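**Q** Remember, our numbering sits 43 above the position in the sequence shown when you count from 1. Below you'll find the structure I mean.
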Amino acid sequence: MATVGPDMSRQWLWARCHNRFRHIPTVGPVTLGCRLQDIVTPPTLYDNAMAAVPTGSKSRPLRPGDSSPGSLLPRRRQLRPPGLQSLLPKVKGSSSPIVILHDVPKQPESQPSVRYKPKTTRIITRDLIRDLIIPQEKPQSCLIIEEKEYERIKESARALTEVERWNRLKTLGARQDAAFEALKKAQIEEQRKAELEDKRDLWRDVEEELQQEEQKLLQRATRMRLEQEEDMRELNALFLNAKCNMIRDKQVLEKQMIHKELAEEEKRLDKMMEVEREKGMKAQEELERQRKQELMRARQGIVKQMEQNAEERALRAEELYQEGQRQLERLEQMKREDRKAWEQKQERLKQIHADIKRFNVESQRLKDQQREQERLEDERVLEQQRQKAVRTAGS
């Protein structure tokens with residue numbers, strides 16, 4: 044009677060996994076809503092044939108780096124996502140600007156025994172002979188930078204307005220979001236590649252196991268042609284029944300282990316996604332806080348500017364009011380001066396009129412007095428003429 048080997052359930056599991064995964068044409072990235080048990084197909088005739096594998100077979104030992112047959116979870120590899128390379132800065136050599144200096148002629152190195160002499164030229168004239176040292180002019184060093192670097196320096200030297208600063212903050216937030224999305228896509232792509240590679244390794248191992256199973260099936264078919272007796276058939280039936288019960292128990296246990304591992308993996312993925320989401324929320328909150336601070340500073344600056352403008356307007360209004368008051372005072376002073384001048388002029392006119400009237404009165408008096416004197420003189424003359432006429436008539 045054949046006994047059940049310890050590798051029987053393992054071989055059956057490899058065969059069943061091959062039967063399940065051969066119906067999947069392509070394997071996409073694992074998402075949170077898709078689990079391995081959702082893509083498992085029901086048992087087929089091939090599964091029933093695999094249940095009749097003879098005992099005594101030995102499974103192939105696991106190679107280093109192979110997946111455990113008791114776990115269908117993909118191996119996790121610490122690889123850098125391909126999309127992440129485009130996000131990281133590529134540094135080749137020094138990151139400082141390129142500086143190219145002209146070749147400057149250097150003086151020969153001084154030796155301890157030979158002293159360096161500069162180049163000279165001899166000038167011979169009628170009076171004397173003299174040697175002049177030829178000066179060595181060092182060319183000006185030139186700094187050469189790229190056009191992009193020059194544009195960046197010129198752009199950074201320009202003072203940004205509030206709108207440009209806000210646009211730059213929005214651009215920075217968009218770039219961070221794009222980098223986060225690219226990193227996320229790269230991680231998903233790398234996970235998908237790792238799963239595909241795990242599936243290829245699994246299929247390769249399953250194919251090797253299937254070749255061994257085919258050889259065993261041929262041997263079993265040969266033995267079955269020889270086992271035609273009733274007792275052997277009953278014994279084989281009992282053996283197959285016991286083996287099926289054991290395989291079923293192992294299958295239930297394996298399924299429970301798979302469910303447990305899948306639940307743990309889903310919890311880990313949920314935790315990773317929650318951590319990434321919290322990081323994104325913190326970054327968004329930091330950007331929002333910076334934006335609010337910028338708006339608050341801008342609002343305070345505007346309020347301060349408005350207060351300064353109001354104070355300046357009040358000062359200008361006060362100055363205008365004071366200037367108006369001074370103008371009014373000057374006008375009142377001018378009016379008072381004009382009034383005083385007019386009164387003085389009127390007084391002078393009155394005085395002049397009084398003087399004229401007095402002069403006229405005096406003139407009239409003098410004229411009357413003169414006429415009186417002339418009348419008296421005429422009367423005296425007439426009296427003298429009358430007396431003379433009387434004397435003449437008496438003689």
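Think of the CB as a built atom: it goes at the ideal place given N, C-alpha and C, for glycine as much as any other residue. Just so you know, these numbers come straight off a predicted model, no measurement behind them.
How is residue 172 classed by DSSP in three states: helix, strand or coil?
**A** In the sequence shown, the residue the question calls residue 172 occupies position 129. Looking at residue 172 - three-state DSSP - the assignment turns out to be strand.
**Q** Would you kindly report the start and end of the unbroken beta strand (DSSP E) that includes residue 188?
**A** Taking the sequence shown and counting its residues from 1, one reaches residue 188 at position 145. Per DSSP, residue 188 belongs to no beta strand (DSSP E) and is neither H nor E.
**Q** Below 9 Å between beta carbons: does that hold for residue 341 and residue 205?
**A** Working through the sequence shown from its first residue, we reach residue 341 at position 298. Working through the sequence shown from its first residue, we reach residue 205 at position 162. Cβ atoms of residue 341 and residue 205: closer than 9 Å.
**Q** Any chance the region 205–223 sits against the region 321–337, with 3 or more Cβ pairs inside 8 Å?
**A** yes
**Q** Give the range of the beta strand (DSSP E) segment to which residue 165 is assigned.
**A** The residue labelled residue 165 in the question sits at position 122 within the sequence shown. Run containing residue 165: 163–167, per the beta strand (DSSP E) assignment.
**Q** Could one say the Cβ of residue 394 lies closer than 9 Å to chain D's Cβ atoms, at least one of them?
**A** No chain D appears in the structure shown, which is made up of a single protein chain.
**Q** Can you tell me whether residue 404 is buried or exposed? The criterion is at least 16 other CB atoms within 10 Å of its CB, across all chains shown.
**A** In the sequence shown, the residue the question calls residue 404 occupies position 361. Looking at its Cβ environment, which holds fewer than 16 other Cβ atoms inside 10 Å, residue 404 is exposed.
**Q** I think residue 175 touches residue 164, with their Cβ atoms under 8 Å apart; what is that distance to the nearest whole Å?
**A** Here residue 175 refers to the residue found at position 132 of the sequence shown. Here residue 164 refers to the residue found at position 121 of the sequence shown. So it is a contact: roughly 5 Å between Cβ atoms.
**Q** Taking one C-beta from the region 184–201 and one from the region 305–315 each time, how about it: are there three or more such pairs within less than 8 Å?
**A** no
**Q** For residue 287 and residue 280, I'd like the C-alpha separation in whole angstroms.
**A** Within the sequence shown, the letter at position 244 stands for residue 287. Within the sequence shown, the letter at position 237 stands for residue 280. Those two C-alpha atoms are separated by around 10 Å.
**Q** Straight-line CA distance for residue 374 to residue 389?
**A** Taking the first residue of the sequence shown as 1, we reach residue 374 at position 331. Taking the first residue of the sequence shown as 1, we reach residue 389 at position 346. Straight-line Cα distance between these residues: approximately 22 Å.
**Q** If we ignore side chains and look at the alpha-carbon of each, how far apart do residue 310 and residue 290 end up?
**A** Counted from its first residue, the sequence shown places residue 310 at position 267. Counted from its first residue, the sequence shown places residue 290 at position 247. Looking at the two C-alpha atoms, the distance is approximately 30 Å.
**Q** Using DSSP with H/G/I as helix, E/B as strand and the rest coil, what is residue 357?
**A** Counting from 1 along the sequence shown, the entry for residue 357 is found at position 314. It is helical.
**Q** If you check the beta carbons only, do residue 203 and residue 330 fall under 9 Å apart?
**A** Walking along the sequence shown from the start, residue 203 turns up at place 160. Walking along the sequence shown from the start, residue 330 turns up at place 287. Not closer than 9 Å, so no.
**Q** Can you check whether the CB of residue 223 is closer than 9 Å to the CB of residue 323?
**A** For this step, residue 323 is matched to residue 280 along the sequence shown. For this step, residue 223 is matched to residue 180 along the sequence shown. Yes. Within cutoff.
**Q** Could you give the distance in angstroms between the alpha-carbon of residue 328 and the alpha-carbon of residue 226?
**A** For the purposes of this step, residue 328 is taken as residue 285 along the sequence shown, with counting starting at 1. For the purposes of this step, residue 226 is taken as residue 183 along the sequence shown, with counting starting at 1. Going by the C-alpha atoms only, they are around 20 Å apart.
**Q** Please confirm whether residue 162 and residue 172 have their CB atoms less than 9 Å apart.
**A** Against the sequence shown, residue 162 aligns to sequence position 119. Against the sequence shown, residue 172 aligns to sequence position 129. Contact flag unset, no.
**Q** Might you give, ordered along the chain, the residues of its own chain that have their beta carbon closer than 8 Å to the beta carbon of residue 208, omitting 5 neighbours on each side?
**A** Residue mapping note: residue 208 aligns to position 165 of the sequence shown, counting from 1. For residue 208, where only same-chain residues beyond five positions count, the Cβ hits under 8 Å are 337.
**Q** Helix or strand or just coil, what does DSSP make of residue 384?
**A** For the purposes of this step, residue 384 is identified with residue 341 of the sequence shown, where counting begins at 1. In this structure, residue 384 counts as helix in the three-state DSSP scheme.
**Q** Quick check: what's the CA-CA separation for residue 355 versus residue 363?
**A** Stepping through the sequence shown from its first residue, residue 355 is reached at position 312. Stepping through the sequence shown from its first residue, residue 363 is reached at position 320. Their backbone Cα atoms lie some 12 Å apart in a straight line.
**Q** Is residue 201 helix, strand or coil when you go by DSSP?
**A** The residue given as residue 201 occupies position 158 in the sequence shown. Looking at residue 201 - three-state DSSP - the assignment turns out to be coil, as it is neither helix nor strand.
**Q** Tell me the DSSP secondary structure of residue 393 in three-state form.
**A** As a position in the sequence shown, residue 393 is number 350, starting the count at 1. Note: residue 393 maps to helix in three-state DSSP.
**Q** From residue 420 to residue 385, what distance separates their C-alpha atoms?
**A** As a position in the sequence shown, residue 420 is number 377, starting the count at 1. As a position in the sequence shown, residue 385 is number 342, starting the count at 1. Looking at the two C-alpha atoms, the distance is approximately 51 Å.
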